Amino acid sequence: MLNMFDPIQLTEATEKYVCRERNGTVFRRYWRFRGGRWYGGIATADCVGCNLRCVFCGPLLTFMRLKDKGELRSPSYVVRRLTDLAMVRRYKYIRISGGEPTICFDHLIEVLEIAEKYPFTFILETNGILIGYNRWMAEELSRFNNIHVRVSIKGTSPEDFEKLTKADKKFFKYQIEAIKNLYDYKVSFHPAVVASFSDNESLNELVIDLKDIHPSIAENVEIEYIILYRHVMNSLKKNGVIPKKAYNTSWELLDEDMIRRLINENS
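Quick note on the numbering used here: the sequence shown kicks off at 8 and runs consecutively.
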């Protein structure tokens, strides 16, 4: 079996390439700014750099990984681009997505400080590992009233997590710790579970674990199924992984046999 990597060490290595401090301000690499229909309409800054290697991301999202992609942007530039998009399109929400936003955490905090001056809710989409590993990050996030955190839990068990992310399964627990930390510091959040590769039994066990933190958390779990874009299917086939459930691009929920046929037809 291949050695699995440590996402904390990968975070530190990634920050050397995607973060730069200039005159006391931390710049971060971004590869695009865009609008989209998620959350009923949201302005998005896609950042470079992730601390996981999910098998369903595919080559289109290598921007998240490669050190020479994107442009270094200041927090003020990021907020200006996001708020301009949101105002023009009358969105209520803004976010950083694409890679892992909690990498270059000082940059994120300054983005949040500036964004707080505007009438938009900031959606922080994260795998939660750094917030679980560093409890103080949840405390820092609790300073902001305009933030909602979506913790995307990769798989429903340590074994699923390792298969899907190529990270050591022992780091699965930090996603759950992130939930605990955010709850303890009264940060607005909800968990989302990437359930495409899991059976109902393991999903139910995870929901029970979340209920043990607080019943309201289990009640607000978002079940997340991947979307079978062409680049996603290519990545899944390359890694020899077939989801149990996934959406096609017409938003039809497919079972494993239908997914297998679709991937073979598009290879």
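For glycine and all other residues, C-beta sits at the position ideal for the given N, C-alpha and C. This one's a predicted model, so the numbers in the text were calculated from it and none came from an experiment.
Could you check whether residue j and residue i sit closer than 8 Å to each other, using their CB atoms as the reference points?
| i | j | result |
| --- | --- | --- |
| Val214 | Leu189 | no |
| Val62 | Leu235 | no |
| Gly106 | Val158 | no |
| Val239 | Phe204 | no |
| Ala174 | Phe12 | yes |
| Leu92 | Ala122 | no |
| Leu59 | Asn134 | yes |
| Asn153 | Phe127 | yes |
| Ile266 | Val201 | no |
| Glu19 | Cys111 | no |
Determine the DSSP secondary structure at residue i, reduced to helix, strand or coil.
| i | result |
| --- | --- |
| Tyr37 | strand |
| Phe168 | helix |
| Ile230 | strand |
| Met71 | For Met71, the predicted structure reports a pLDDT of 49, less than 50, and the residue's modelled location is therefore unreliable. A value from the coordinates is still provided. In the structure shown, Met71 sits in a helix (DSSP, three-state: H, G or I). |
| His114 | helix |
| Asp262 | strand |
| Glu123 | coil |
| Leu79 | strand |
Go ahead and label residue i buried or exposed: buried means 16 or more other beta carbons lie within 10 angstroms of its beta carbon, across all protein chains shown.
| i | result |
| --- | --- |
| Arg88 | buried |
| His114 | buried |
| Glu132 | buried |
| Glu272 | exposed |
| Ile230 | exposed |
| Leu243 | buried |
| Met94 | exposed |
| Gln16 | exposed |
Taking Cβ positions only, does residue i come closer than 8 Å to chain C?
| i | result |
| --- | --- |
| Asp53 | Among the protein chains of the structure shown there is no chain C, as only one such chain exists. |
Given residue i, which residues of its chain have a CB within under 6 Å of its CB, disregarding the five upstream and five downstream residues?
| i | result |
| --- | --- |
| Ser164 | Ser209 |
| Glu146 | Tyr192 |
| Phe168 | Lys161, Gly162, Lys176 and Phe179 |
What are the partner residues of residue i, as DSSP defines its beta bridges?
| i | result |
| --- | --- |
| Asp238 | Per the sequence shown, the amino acid found at residue 238 is His instead of Asp. Paired residues: none, contrary to the question. |
| Ala50 | Gly42 and Ile101 |
| His155 | Ile130 |
| Pro198 | Val158 |
Can you give me the Cβ contacts of residue i inside the same chain, cut-off strictly under 7 Å, excluding the 5 residues immediately before and after it?
| i | result |
| --- | --- |
| Glu184 | Gly139 |
Apart from the five residues on each side of it in sequence, which residues of its chain come closer than 8 Å, Cβ to Cβ, to residue i?
| i | result |
| --- | --- |
| Ile270 | Leu235, Met240, Leu243, Lys244 and Ile249 |
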